[in-house]
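One gets the working numbering by counting positions in the sequence shown from 1 and adding 282 to each.
The C-beta atom is built at its ideal place from N, Cα and C for all residues, glycine as well.
Note that the structure is a prediction, hence the values are computed from the model and not measured.
Everything on this sheet refers to the single structure shown next.
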Amino acid sequence: MLMHMKGHNGISPCCMCKIIRLHVPNSNTTTHYVPHNHSCHPDALCNPHAIKVQSASMNAEAEKLAKEYGIKSLPLLMFLDSLLFPLSFPYDFMHLIWENLMKNLVLLWTGNFKGLDKGTDGYILDKSVWEAIGKATAASGSTIPSAYGPRVPDVSTDCSNMFTKMWSFWTLYLAKYFKHFIHLIFILIDWIC
């Protein structure tokens, strides 16, 4: 909001790079971000794009440009010499991790991620294992004080009703099953603290 970035609704959604979203042909919802271009999104690039969006003569044109460039307008904070766009602003941790990464990991582990097969690494959990994880998750709510967070439902049947606090609690306290996942949890804890 402060940066006036378009975010995940833009074709170029990242405030740190110029990654472009690629739509998968013959699919309504699947989007991929292929990191071929790691170049920064420096002030020098944001300014002309933001000015172009802001000076559009019609709202429809401004919306189209904002979606293309990933920035909605020229933020007033850009004029402060003490701020460096976009480096002075933190990542949107809630959407990146709890609303995106965790949902995608669950889809990957259950074999439902964007049409990918099980590959060679054996990361897909058997249905019985995933159901046991879901039942244990749901049962744990009776013994965990609500001060720690909301009660997490059975993740094997009800991921659609999970919201940010549930994903956060499930990830940090309940889901320590894979060795590589435990490494991810340690990284997330370091970021949060």
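contact_flag[the segment 333 to 345, the segment 357 to 366] where n(CB pairs < 8 Å) is 3 or more: no
Residue of 383, 466 and 434 minimising C-alpha distance to residue 415: Start at 1 with the first residue of the sequence shown, and residue 415 comes out as number 133. Ranking the options by Cα distance to residue 415, first place goes to 434.
Can at least three beta-carbon pairs, one atom from the segment 436 to 456 and one from the segment 376 to 388, be found at a separation below 8 Å? yes
Roughly how many angstroms lie between the CA atoms of residue 341 and residue 426, to the nearest whole one? In the sequence shown, residue 341 corresponds to position 59, counting from 1. In the sequence shown, residue 426 corresponds to position 144, counting from 1. Approximately 50 Å, taken between the alpha carbons.
Residue 376 burial status per 10 Å Cβ neighbour count (16 or more: buried): As a working note, residue 376 is residue 94 in the sequence shown. Exposed, by the Cβ-count rule.
Measuring straight from C-alpha to C-alpha, what distance separates residue 344 and residue 431? One-based indexing of the sequence shown puts residue 344 at position 62. One-based indexing of the sequence shown puts residue 431 at position 149. Approximately 41 Å between the Cα atoms of the pair.
Simplified DSSP state of residue 353, which is helix, strand or coil: One-based indexing of the sequence shown puts residue 353 at position 71. Looking at residue 353 - three-state DSSP - the assignment turns out to be strand.
What does the Cβ neighbour count give for residue 388, buried or exposed, with the cut at 16 atoms within 10 Å? By 1-based counting over the sequence shown, the position of residue 388 is 106. With 16 or more Cβ atoms within 10 Å of its Cβ, residue 388 is classed as buried.
Taking only three categories from DSSP, how would you classify residue 362? Taking the sequence shown and counting its residues from 1, one reaches residue 362 at position 80. In the structure shown, residue 362 sits in coil (DSSP, three-state: anything other than H, G, I, E or B).
One question on the structure: do residue 422 and residue 456 come within less than 9 Å of each other, judged by their Cβ atoms? By 1-based counting over the sequence shown, the position of residue 422 is 140. By 1-based counting over the sequence shown, the position of residue 456 is 174. It is a contact, given that the beta carbons lie within the stated cut-off.
What's the C-alpha gap between residue 464 and residue 348? As a first step, residue 464 is located in the sequence shown; it is residue number 182 there, counting from the start. As a first step, residue 348 is located in the sequence shown; it is residue number 66 there, counting from the start. So the alpha carbons of these two residues sit roughly 38 Å apart.
Rounded to whole angstroms, how far is the Cβ of residue 529 from the Cβ of residue 473, which I believe are closer than 8 Å? Nothing in the structure corresponds to residue 529, since the chain is present only between 283 and 475.
Since residue 389 is in the alpha helix (DSSP H), which residue starts that stretch and which ends it? The residue labelled residue 389 in the question sits at position 107 within the sequence shown. Residue 389 -> alpha helix (DSSP H) spans 384 to 391.
Can you grab the Cα-Cα spacing for the pair residue 394 / residue 304, in whole Å? Counted from its first residue, the sequence shown places residue 394 at position 112. Counted from its first residue, the sequence shown places residue 304 at position 22. Rounded to the nearest angstrom, the two C-alpha atoms are 19 Å apart.
Rounded C-alpha distance that separates residue 366 from residue 468: Your numbering for residue 366 matches position 84 in the sequence shown. Your numbering for residue 468 matches position 186 in the sequence shown. If you take the alpha carbons of residue 366 and residue 468, they lie about 29 Å apart.
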